[in-house]
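J.: Under UniProt numbering, think of the first position of the sequence shown as 1, with each following residue one higher. Note that the Cβ used here is the ideal one computed from N, Cα and C, for glycine as well. Got a structure for you, questions after.
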Amino acid sequence: MCINTENPSANPQPELTNKSSFYPTTPIRRKWWKESIAYQIYPRSFQDSNGDGVGDIFGMIQRLDHIKNLGADLIWICPIFKSPNDDNGYDISDYQNIMDVFGTMADVDELIKQCHARNMRIIFDLVLNHTSDQHPWFIESRSSRSNPKRDWYIWKDGKPGGLRPNNWESIFNGSAWEYDKETDQYYLHLFSRKMPDVNWECAELRRELYKITRWWLERGIDGFRIDAVSHIKKKPGLPDLPNPNELEFVSSFDYHMNVEGIEEYLDEFKREAYGDLDVVTVGEANGVSADQAVEWVDEERGKFSMIFQFESTNLWDKTLGVIDVLAFKRIMTRWEKSLEKSGWNALFLENHDKPRIVSTWGNDKEYLRDCATAFATVYMLMMGTPFIFQGQEIGMTNVRFPSINDYPDVAARNFYNLQLAKGVDHDELMKIIHMTGRDNARTPMQWDDSLNAGFSTAQQTWIGVNPNYVRINVAQQEKDETSVLNFYKRLIRLRKEHDLFTYGIYDLILSNNKQIYGYTRTSDMKRAYILTNLTGRVAQFGLYQGLSSSQLVLTNLIEPVPEHKDEKSFKFRPYEIRVYIIDHQKKESHHCRKDEKTKHTTDQTELKTTDESLTKLKKVASQKLEHVSYNPLHLTEQDQKDIIATLAEATTQALSEAETSKQPSITIDQEKVMPDSSEIDLENESINKKRQRQRSLVLNPENVTPAMQNDPSSLNQQCQLFTCLTSPKPSAVGHHADSSSDDDDDENKKKTITTAENEEESIDTSENDVDYSVLNDESIQDFSFTSAREQTKKRMLHDEEEFALKQGKE
Ligand code: GLC
1 MCINTENPSA NPQPELTNKS SFYPTTPIRR KWWKESIAYQ IYPRSFQDSN
51 GDGVGDIFGM IQRLDHIKNL GADLIWICPI FKSPNDDNGY DISDYQNIMD
101 VFGTMADVDE LIKQCHARNM RIIFDLVLNH TSDQHPWFIE SRSSRSNPKR
151 DWYIWKDGKP GGLRPNNWES IFNGSAWEYD KETDQYYLHL FSRKMPDVNW
201 ECAELRRELY KITRWWLERG IDGFRIDAVS HIKKKPGLPD LPNPNELEFV
251 SSFDYHMNVE GIEEYLDEFK REAYGDLDVV TVGEANGVSA DQAVEWVDEE
301 RGKFSMIFQF ESTNLWDKTL GVIDVLAFKR IMTRWEKSLE KSGWNALFLE
351 NHDKPRIVST WGNDKEYLRD CATAFATVYM LMMGTPFIFQ GQEIGMTNVR
401 FPSINDYPDV AARNFYNLQL AKGVDHDELM KIIHMTGRDN ARTPMQWDDS
451 LNAGFSTAQQ TWIGVNPNYV RINVAQQEKD ETSVLNFYKR LIRLRKEHDL
501 FTYGIYDLIL SNNKQIYGYT RTSDMKRAYI LTNLTGRVAQ FGLYQGLSSS
551 QLVLTNLIEP VPEHKDEKSF KFRPYEIRVY IIDHQKKESH HCRKDEKTKH
601 TTDQTELKTT DESLTKLKKV ASQKLEHVSY NPLHLTEQDQ KDIIATLAEA
651 TTQALSEAET SKQPSITIDQ EKVMPDSSEI DLENESINKK RQRQRSLVLN
701 PENVTPAMQN DPSSLNQQCQ LFTCLTSPKP SAVGHHADSS SDDDDDENKK
751 KTITTAENEE ESIDTSENDV DYSVLNDESI QDFSFTSARE QTKKRMLHDE
801 EEFALKQGKE
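Below is the structure:
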């Protein structure tokens, strides 16, 4: 809350800008936290300053300059409050005191001061879904059924016959209920049994939580991340879950994750604790879908500044560690587009609950540097506040300790013990833990190649150091211009230098390419192309927009990219990335402004307005479009409706014209490109039908809600949509990253590409993305440490069966 006014990025008052512009834009609502780069510290593993083998607050202070030099300016620290450490601090026994191993309250004050002195902000991790069973509230609560704090936790009688109150499974495995002999009742714990859930239905308890939150804000922190906040409301009556498979415990997310009515608690929390302050709040919101997220983070009505979503985390579970580029695009685009108008995203790939990205979706052996930099680029230039998890900036990898005793994580241990008791083999279990364990992210920060990677001088650290620290460490990477660390610094500088990367509109391009994740960021005079190959294979693709080396602002190649001018055909090496910026202010400053606009608001490079084949109707729409780009805010409602109707009509016509037009084809160098990196011809009937359905949903004025009609930005998007559709290249629109489509897969086998699918979809529309996102929203699956492990187990079984089959055949 203590805002350092010297912070150049500080801008407490939202500033609305809507300059007349070259490209269609939406109004910018400026906030300091939108312009921040966040860095997450896992305190136990960051820096030990006193040689006890555990990281601490003073250690953090010592290393603040590392974060500062990286370019990050918002620090999130995982819990440092008093805790018996069943779950490394997420089990809090005193919210207003600091864990002894971490230091004192005076150290915390110093940390806050030191952050602010460096123009950085700091947020804490608030855990309000549960406490430790050692918290005085719980000790009181469990002391007798009539204790005044009994109701602060969730107590229930067992069912007759000594059965638990219901069949819910804990997120950390086993039953979600623990029996208390003294009072002969059970208490609910969604996480470990030493972390009882507090009862948010109790107003007195809620008031106490708000007070604590406020107390910390007044002490000087700049906001907080709220742990497991989507779990605070439980399904009324705590009923049994359906159990068709007669399991001992049933995965219980449906009954305690984002349950209806949670918004009342969240509204109250905001009103009572922080709504009046200029702070940043990030909710950990498992189970909240992209379309629901708007309610959570809407700038007026929302509860938090942003939320951590779990869809991409789930994707990792589902695809068993192998990246599905199409699905990843679909998910990220869904979130980008859903929150484009009035919300904000928290962007992340790693955190303390997930294995390392280079070891899961990347390739930490052959391509460590390349994949670390590619993954950095793909998410950090999106619209949202990027979060970097400690060690990610040097490409830290997963670890493989031999014994379960090397893994302190309570979730891993629970899993291991339960499965072992069921007779599963130790080696099998260790394989699963190696792949999915949270401790992969929690090994000490690798600062240099001295003892314990420079993390601690202790003989024994609280968790083992990853032996690859000798090779992968900060000191070594600081010296190496080509290192992951130095790439991160360049990337962050780039983001900070161009407002475009903070406020520009995101649009997906190359939506059907299975290797390249490409997108654009567009603001009034600039457009950036972010092109990343997320696979370990060469990728070839083409764009509508020619790009030149003079526009190249970032690459992860070590040797210089060969000079090129207006290049439309690209071949990317494994994990290669490039970022280009087209700056029309620079490029065309000698042109008169009116001409520029006519030419470029349509963006699809000159094209459309000069195209002979434009029908009269399309020309009318174009003129209207030009009009809109001049002055989107001053249109009457009727004007807006007219424009939308004209555009829609023209679009439908353009579509049917375009679909009958013939597409030229390009042949690619088959030898050097892996089959699935080739582009595909999707123009078959069923795909067209599918797309038309999606387009008509966004194009039909009936489907444009009144709110959209009154919203100049949505008008702009309609315009963008139109300009796409007036292109003589039909498949430049309706991009649809639905990777599961059978049609797509069949077509995938074709060996030729059309320019239509091959080329970039320069002004791809938000509506298309929003369209597919909403319509094809898969149900949000639970994120549980259990589910990841279940998947891994299945895969291992599958591999074994395949192996046995092969051997049988031989
Ligand atoms: C969140 C935290 C995780 C913790 C759990 C229980 O998911 O990120 O580390 O174990 O909540 O507090």
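Measure the C-alpha to C-alpha separation of K662 and Y529 and round it to an integer number of angstroms.
T.: Counting from one through the sequence shown, the residue named residue 662 turns up at place 662. Counting from one through the sequence shown, the residue named residue 529 turns up at place 529. Only weak support exists for where K662 lies, its pLDDT of 36 falling under 50; the coordinates are left without a value.
J.: Rounded to whole angstroms, what's the CA-CA distance from Q392 to R164? Just pull it up for me.
T.: Numbered from 1 along the sequence shown, position 392 holds the residue referred to as residue 392. Numbered from 1 along the sequence shown, position 164 holds the residue referred to as residue 164. Going from the Cα of Q392 to the Cα of R164 covers about 42 Å.
J.: Is H352 near the ligand GLC, judged by its Cβ being under 8 Å from some heavy atom?
T.: By 1-based counting over the sequence shown, the position of residue 352 is 352. Checking every heavy atom of the ligand GLC against the Cβ of H352, one is found closer than 8 Å.
J.: Note down the Cα distance separating E576 from L534, rounded to an integer number of angstroms.
T.: Here residue 576 refers to the residue found at position 576 when the sequence shown is read from its first residue. Here residue 534 refers to the residue found at position 534 when the sequence shown is read from its first residue. Computed Cα separation, rounded: 8 Å.
J.: Taking the straight line between their C-alpha atoms, what separation do you get for L554 and G321?
T.: Within the sequence shown, the letter at position 554 stands for residue 554. Within the sequence shown, the letter at position 321 stands for residue 321. The straight-line gap from Cα to Cα measures roughly 28 Å.
J.: Would you list the residues sitting across from V280 in a DSSP beta bridge?
T.: For the purposes of this step, residue 280 is taken as residue 280 along the sequence shown, with counting starting at 1. Bridge partners of V280: G223.
J.: Just curious, the beta strand (DSSP E) that I307 is in, first and last residue?
T.: If you number the sequence shown from 1, residue 307 lands on position 307. Note, I307: beta strand (DSSP E), M306 to F308.
J.: Evaluate N398 with the Cβ neighbour count: other Cβ atoms within 10 Å of its Cβ, from every protein chain shown; 16 or more gives buried, anything less gives exposed.
T.: What you label residue 398 is simply residue 398 of the sequence shown in a count that begins at 1. Burial call: buried.
J.: Flag N129 as yes when its Cβ comes closer than 8 Å to any non-hydrogen atom of the ligand GLC, and as no otherwise.
T.: For this step, residue 129 is matched to residue 129 along the sequence shown. Because some heavy atom of the ligand GLC lies under 8 Å away, the Cβ of N129 counts as near it: yes.
J.: Would you grab the beta carbon distance between A441 and R369 for me? Rounded to a whole angstrom, and I think it's under 8 Å.
T.: On the sequence shown, residue 441 is found 441 positions in, with the first residue counted as 1. On the sequence shown, residue 369 is found 369 positions in, with the first residue counted as 1. 19 Å between Cβ atoms; not a contact.
J.: Using 8 Å as the threshold, is the stretch 328-340 in touch with the stretch 485-504, meaning 3 or more CB pairs across them?
T.: No, they do not touch.
J.: Indicate whether L531 and Y580 have their beta-carbon atoms separated by less than 9 Å.
T.: Position 531 of the sequence shown, counted from the first residue, corresponds to residue 531. Position 580 of the sequence shown, counted from the first residue, corresponds to residue 580. In this structure, Y580 lies closer than 9 Å to L531 by Cβ.
J.: Cβ of E218 versus every heavy atom of the ligand GLC: is any distance shorter than 8 Å?
T.: Your numbering for residue 218 matches position 218 in the sequence shown. No, Cβ of E218 sits at least 8 Å from all heavy atoms of the ligand GLC.
J.: Could you say which of G287, A327 and H130 lies nearest to F310 if we only look at CA atoms?
T.: Here residue 310 refers to the residue found at position 310 of the sequence shown. Of the candidates G287, A327 and H130, the one whose C-alpha sits nearest the C-alpha of F310 is G287.
J.: Give me, in chain order, the residues of the same chain whose beta-carbon lies closer than 8 Å to that of P386; leave out the 5 immediate sequence neighbours on both sides.
T.: The sequence position of residue 386 within the sequence shown is 386, counting from 1. Excluding residues within five positions, the ones whose Cβ falls inside 8 Å are I37, A38, L347, F348, Y379, M380 and R495.
J.: In terms of residues, what are the limits of the alpha helix (DSSP H) holding T41?
T.: What you label residue 41 is simply residue 41 of the sequence shown in a count that begins at 1. Here the sequence assigns Ile to residue 41, which means Thr is not the residue at that position. Element bounds for I41: not the alpha helix (DSSP H) but the beta strand (DSSP E), A38 to I41.
J.: Determine the direct distance from the alpha carbon of L128 to that of R29, and round the result to whole angstroms.
T.: Taking the first residue of the sequence shown as position 1, residue 29 is located at position 29. Taking the first residue of the sequence shown as position 1, residue 128 is located at position 128. Taking the straight line joining both Cα atoms gives about 30 Å.
J.: According to DSSP, simplified to helix, strand and coil, what is P434?
T.: By 1-based counting over the sequence shown, the position of residue 434 is 434. In the sequence on display, residue 434 carries His and not Pro. Looking at H434 - three-state DSSP - the assignment turns out to be helix.
J.: Is the separation between the beta-carbon of N351 and that of F415 shorter than 9 Å?
T.: As a working mapping, residue 351 is identified with position 351 in the sequence shown. As a working mapping, residue 415 is identified with position 415 in the sequence shown. Their beta carbons are not under 9 Å apart, which means N351 does not touch F415 by this criterion.
J.: By Cβ distance, which residues of its chain are closer than 6 Å to T705, with the 5 residues on each side in sequence left out?
T.: To locate residue 705, count along the sequence shown from 1; it is residue 705. Caution applies to T705, whose pLDDT of 27 falls short of 50 and renders its modelled position unreliable; the model cannot decide the point.
J.: Among the residues of its own chain, which have a CB less than 6 Å from the CB of F572, if the five just before and after it don't count?
T.: As a working note, residue 572 is residue 572 in the sequence shown. These residues qualify, in order along the chain: N533 and A539.
J.: Whose C-beta lies closer than 7 Å to the C-beta of G546 among residues of the same chain, with five residues either side of it excluded?
T.: Locating residue 546 in the sequence shown gives position 546, where the first residue counts as 1. Excluding sequence neighbours, G546 sits near D566, E567 and K568.
J.: Within a Cβ cutoff of 7 Å, which residues of the same chain sit near V465, ignoring the five residues on either side of it in sequence?
T.: To locate residue 465, count along the sequence shown from 1; it is residue 465. Around V465: T443, P444, N452, A453 and F455.
J.: For K318, name the three-state secondary structure that DSSP assigns.
T.: As a first step, residue 318 is located in the sequence shown; it is residue number 318 there, counting from the start. Looking at K318 - three-state DSSP - the assignment turns out to be helix.
J.: List in chain order: all unbroken beta strand (DSSP E) runs of 3+ residues lying wholly within the stretch 81-168.
T.: With a minimum length of 3 residues, the continuous beta strand (DSSP E) runs that stay inside the stretch 81-168 are 94-98 and 121-127.
J.: Pick helix, strand or coil for V484, following the three-state DSSP scheme.
T.: As a first step, residue 484 must be located in the sequence shown, where it is residue number 484. Three-state DSSP puts V484 in a helix.
J.: Compute the minimum distance between the beta carbon of N88 and the heavy atoms of the ligand GLC, and state whether it is under 8 Å.
T.: Here residue 88 refers to the residue found at position 88 of the sequence shown. Yes, the ligand GLC has a heavy atom inside 8 Å of this Cβ.
J.: Leaving out the 5 sequence neighbours to the left and right, which residues in its chain are closer than 8 Å to L552 when beta-carbon positions are compared?
T.: Within the sequence shown, residue 552 is the residue found at index 552, counting from 1. Closer than 8 Å at the Cβ level, and outside the excluded window around L552, lie V561, R578, V579 and Y580.
J.: Have a look at the DSSP bridge pairing and note the partners of T373.
T.: For the purposes of this step, residue 373 is taken as the residue at position 373 of the sequence shown. DSSP lists no partner for T373.
J.: Quick one: give me the first and last residue of the beta strand (DSSP E) that D583 is part of.
T.: Here residue 583 refers to the residue found at position 583 when the sequence shown is read from its first residue. I577 to D583 is the extent of the beta strand (DSSP E) around D583.
J.: Excluding the 5 residues preceding and the 5 following N486 in the sequence, name in chain order all residues of the same chain whose CB lies nearer than 8 Å to its CB.
T.: As a position in the sequence shown, residue 486 is number 486, starting the count at 1. Only Q477, E478 and D480 meet the Cβ criterion.
J.: In terms of residues, what are the limits of the beta strand (DSSP E) holding Y519?
T.: Translated into the one-based positions of the sequence shown, residue 519 becomes position 519. Its beta strand (DSSP E) spans residues I516 to T522.
J.: Leaving aside the five residues before and after H66 along the sequence, list all residues of the same chain whose C-beta is less than 7 Å from its C-beta, in chain order.
T.: To locate residue 66, count along the sequence shown from 1; it is residue 66. Only V474 meet the Cβ criterion.
J.: Given the structure, does M396 come close to the ligand GLC, in the sense that its CB is under 8 Å from one of the ligand's heavy atoms?
T.: Taking the first residue of the sequence shown as 1, we reach residue 396 at position 396. No; taking the cut-off as 8 Å, the Cβ of M396 has no heavy atom of the ligand GLC nearer than that.
J.: Examine the ligand GLC and report whether any of its heavy atoms sits within less than 8 Å of the Cβ of M257.
T.: Taking the first residue of the sequence shown as 1, we reach residue 257 at position 257. No, the beta carbon of M257 sits no closer than 8 Å to any heavy atom of the ligand GLC.
J.: Which class does P355 belong to by DSSP, given the choice of helix, strand or coil?
T.: Start at 1 with the first residue of the sequence shown, and residue 355 comes out as number 355. Coil, per DSSP.
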